[in-house]
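In what follows, a single structure is set out as structure tokens and then discussed.
2 protein chains.
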Amino acid sequence: MKVDGKPYRTIWLREGDDRVVQVIDQLRLPHAFEIAELISVADMCRAIKNMTVRGAGLIGASAGFGMYLAALEAPEQDFHDFMRQAAADLKATRPTAANLAWAVERMLAAIAVGTTPAQKRRLARDAAVALADEDAEHFRHLGEHGMALIADIARRKPGKPVNILTHCNAGWLAFVDFGSATAPIYAAHEAGIPVHVWVDETRPRNQGASLTAWELGQHGVPHTLITDNAGGHLMQHGLVDMVITGADRVTRSGDVANKIGTYLKALAARDNGIPMYVALPSSTFDFSLGDGVASIPIEERGAEEVRFISGKASHGGIESVQICPDTTPARNWGFDVTPARLVTKLICERGICDANEAAIFALFPQEK
Amino acid sequence: MKVDGKPYRTIWLREGDDRVVQVIDQLRLPHAFEIAELISVADMCRAIKNMTVRGAGLIGASAGFGMYLAALEAPEQDFHDFMRQAAADLKATRPTAANLAWAVERMLAAIAVGTTPAQKRRLARDAAVALADEDAEHFRHLGEHGMALIADIARRKPGKPVNILTHCNAGWLAFVDFGSATAPIYAAHEAGIPVHVWVDETRPRNQGASLTAWELGQHGVPHTLITDNAGGHLMQHGLVDMVITGADRVTRSGDVANKIGTYLKALAARDNGIPMYVALPSSTFDFSLGDGVASIPIEERGAEEVRFISGKASHGGIESVQICPDTTPARNWGFDVTPARLVTKLICERGICDANEAAIFALFPQEK
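Those protein sequences? They're chains A and B, same order as listed. Residue numbering for the first sequence follows this note's numbering, starting at 1 and increasing by one per position. Residue numbering for the second sequence follows this note's numbering, starting at 369 and increasing by one per position.
Now the structure itself:
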């Protein structure tokens, strides 16, 4: 998508020197737009660990390019051992990110076909590029499927923007391009359908305020930042036509684990007869799980994320401020589960389906 | 309630010199506890306007003491005119605060009985003190009524704390003492019933994180700060036994306008079979209104409250940080309306009633 009028992905090979991987430095967003350069697998491990790159799809693509950088570095005589160590190092950066291990294994399989280190390096380059291209292509398809839902609403209110509420950042910054929740929005915007996005700030880490607002603004999509508390009021007053969020894990019965607070928006959508859509790549399904509330483990993160908020201070630098008394205890669950009964449709790269086991297996018959 | 082990109200006459009004400087909370002294009606107008004192009950009591300070200042020859001007000035400080005009009128009526300025000054002092005492007394009663609901739950889980979720600050800091939502909690705590409070931070102004967390901490009530997004997840997992909030306006049919986000918590409570209580003084009812969603005007406040958050910076001072890009637009509604169908009971100083017209008029027959 566009940044300051110019098309970007979140990760790519440097033009003119494909031994260098370039990424958008997401630690600097939204207050600065900077490109970081990575020239070794150690660089990539650091970038994943410190969240210079973050988001399910982008972590997978980063692991792919990380393995490519490792192949460039690997000494001829110890090529195999070096790559095995690189694979282990990459997998250890964010142990709960499912895409990470998947991408590393795929790279190892792609490289295994080669016979010489030189050949393996070329294979690694091609496989890493293919992995990123594939991620982008998935979300282009997802966007087209989802755009049809937005177009339906647009036809019912000609000349007026379709108001879409989203939570957290399931945007292109979390993937290689397009994003999950944002892919239908970008597709509609490109097709000339007027859209307006209500962006939940998404406490505690404020990915809505800092990332979603930034990427929509850069691409020119009309949007408005709101507090996480505001969505219900907007829905009661006809100011929301649909909700679209991403997902971190979806069970075979259609229960959706996503950023904490998603469940509250789904309840408000249901109470006001507003459709609640969840956009996700196929890889986000966990077909082994049924009841999501009972079975999806919810990560509890550090209390300091609740007690402090960071942003741009008056002196222009980034400052973290404490919002409560020194001794106030806090707790911080990262996700909640929206039961399938509150989800109108799931939007995948393969198509759209109802949030129930029969419909999900109809779309993914091989998983049954 | 207690601050650092010592009982306080939010407003009182200085010991040994009753020509001085003392208040807790709420602008400095939670990062500093300071007492401000007010010696003129101009001082009091400034304190109300800049929110040194805030909250429905406290604003009413402040207006009472403001009229008393005016009576001390008023010159013998122009006593009447001076008091009329003081009344107008006080009313203009926060024009939407209903308690303000009510308290000023009550003070004027009390003073009118006197014949000499000296007599009027004594009457003003007594009326201001009575007004504050009455506010405290109301909430002591409300607390006793509400405590019975907490005690009911405590009996069903012996030895375990009753987990209560609250939103915003409907605490003693918003009144003279006890608070509305917090009165039943303090009463239960004093009675030895184990309670634990989940404190919503309450974006955008974070009154939960800064005020509710502070007052519960000072009084020694166990509590935990959470983001506004977290409540639904807690309720799904049995970690909330009841919700208690305050109210800014309640219609005769029981619809509740309260701090933005209250409606989302009420939906989650309903979805999980958890009682949702609203605590309010009688003066919060607006018997002229029926359907709250359609008829209660919702104040829209400045976007900067959403775009910036303030807190204690690393250098120890208070800093405001920007959480979104420079150009991100934001909107900021202050309240939402929770329909009566989601409210389990209303808790008033007169007693407890269902949230419907028949039950409300049974408690307030004179309003029918």
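All residues carry an ideal CB built from backbone N, CA and C; glycine is no exception. The structure displayed is predicted, hence computed values, not measured ones.
Contact annotation for threonine 224(A) against chain B: Pro697, Ala698, Arg699 [CB-CB distance below 7 Å, chain order]. In the displayed model, proline 161(A) falls within coil according to three-state DSSP, outside both helix and strand. Residue Pro339(A) holds the alpha-carbon nearest to the alpha-carbon of threonine 262(A) among Leu173(A), Arg350(A), Pro339(A), Ala97(A). Within the region 654 to 681 of chain B, Val661, Ile666, Ala671, Glu673, Val674, Arg675, Phe676, Ile677, Ser678, Gly679, Lys680, Ala681 place their CB atoms closer than 9 Å to a CB of chain A, listed in sequence order.
Interface with chain A (8 Å Cβ-Cβ cutoff): tyrosine 376(B) is excluded.
Bridge pairing for valine 371(B): Lys374(B) [DSSP]. Judged by DSSP in its simplified three-state form, asparagine 467(B) adopts helix.
Per the C-alpha coordinates, the member of Gly273(A), His237(A), Phe285(A), Gly192(A) positioned closest to glycine 220(A) is Gly192(A). Rounded to whole angstroms, valine 497(B) and threonine 464(B) show a C-alpha spacing of 24 Å. When the alpha-carbon of histidine 196(A) is set against those of Tyr277(A), Ile185(A), Phe285(A), Arg205(A), the nearest one is in Ile185(A).
Under the 10 Å beta carbon count, threonine 484(B) is surrounded by fewer than 16 other beta carbons and is classified as exposed. As summarised for the region 215 to 253 of chain A, the continuous beta strand (DSSP E) elements at least 3 residues long and confined to that stretch are 223 to 226, 242 to 245, 249 to 251, given in chain order. In the structure shown, isoleucine 39(A) falls within a coil segment according to DSSP collapsed to helix, strand and coil. In this structure, Leu27(A) is the residue among Glu37(A), Leu27(A), Gly316(A) with its C-alpha nearest to the C-alpha of threonine 52(A). For the 8 Å CB-CB criterion, glycine 539(B) and glutamate 583(B) form a contact. Taking a Cβ-Cβ threshold of 9 Å, the residues of chain A close to leucine 635(B) are Gly232, Leu264, Leu267, Ala268, Arg270, Asp271, in chain order.
Not flagged as an interface residue toward chain A: tryptophan 470(B), since no C-beta distance is shorter than 8 Å. Residue range 262 to 271 is occupied by the alpha helix (DSSP H) that includes alanine 266(A), with no beta strand (DSSP E) assigned at that position.
Going by C-alpha positions, tyrosine 645(B) is about 27 Å away from valine 371(B). Runs of alpha helix (DSSP H) with 4 or more residues, each lying fully within the region 287 to 323 of chain A, are found at 292 to 295, 304 to 307, listed in chain order. Straight through space, the alpha carbons of glycine 60(A) and tryptophan 102(A) are spaced by roughly 7 Å. Counting along the chain, alanine 71(A) sits inside the alpha helix (DSSP H) bounded by residues 56 to 73. The continuous alpha helix (DSSP H) containing alanine 88(A) extends over residues 79 to 93.
Taking 8 Å as the cut-off, the beta carbon of alanine 110(A) is found no closer than this to the beta carbon of leucine 100(A).
Glycine 292(A) is not a Cβ neighbour of threonine 245(A), given a cutoff of 8 Å. In the three-state reduction of the DSSP assignment, leucine 280(A) falls in the coil class, being assigned neither a helical nor a strand state. Following the DSSP letters along the chain, one finds lysine 259(A) inside the beta strand (DSSP E) bounded by residues 256 to 259. The continuous alpha helix (DSSP H) containing threonine 182(A) extends over residues 182 to 190. In this structure, the CA atom of threonine 93(A) is about 39 Å from the CA atom of arginine 270(A). Per DSSP, leucine 131(A) is one residue of the alpha helix (DSSP H) stretching across 117 to 156. Per DSSP, the unbroken beta strand (DSSP E) holding leucine 381(B) starts and ends at 379 to 381.
Within a 10 Å sphere around the beta-carbon of serine 656(B) sit fewer than 16 other beta-carbons, which makes this residue exposed. The beta carbon of tryptophan 540(B) sits no closer than 8 Å to any beta carbon of chain A. Classified as buried, glutamate 717(B) has 16 or more neighbouring CB atoms from the shown chains inside 10 Å of its CB. Taking C-beta atoms under 8 Å as the contact rule, arginine 331(A) and glutamate 300(A) qualify, at a distance of about 7 Å.
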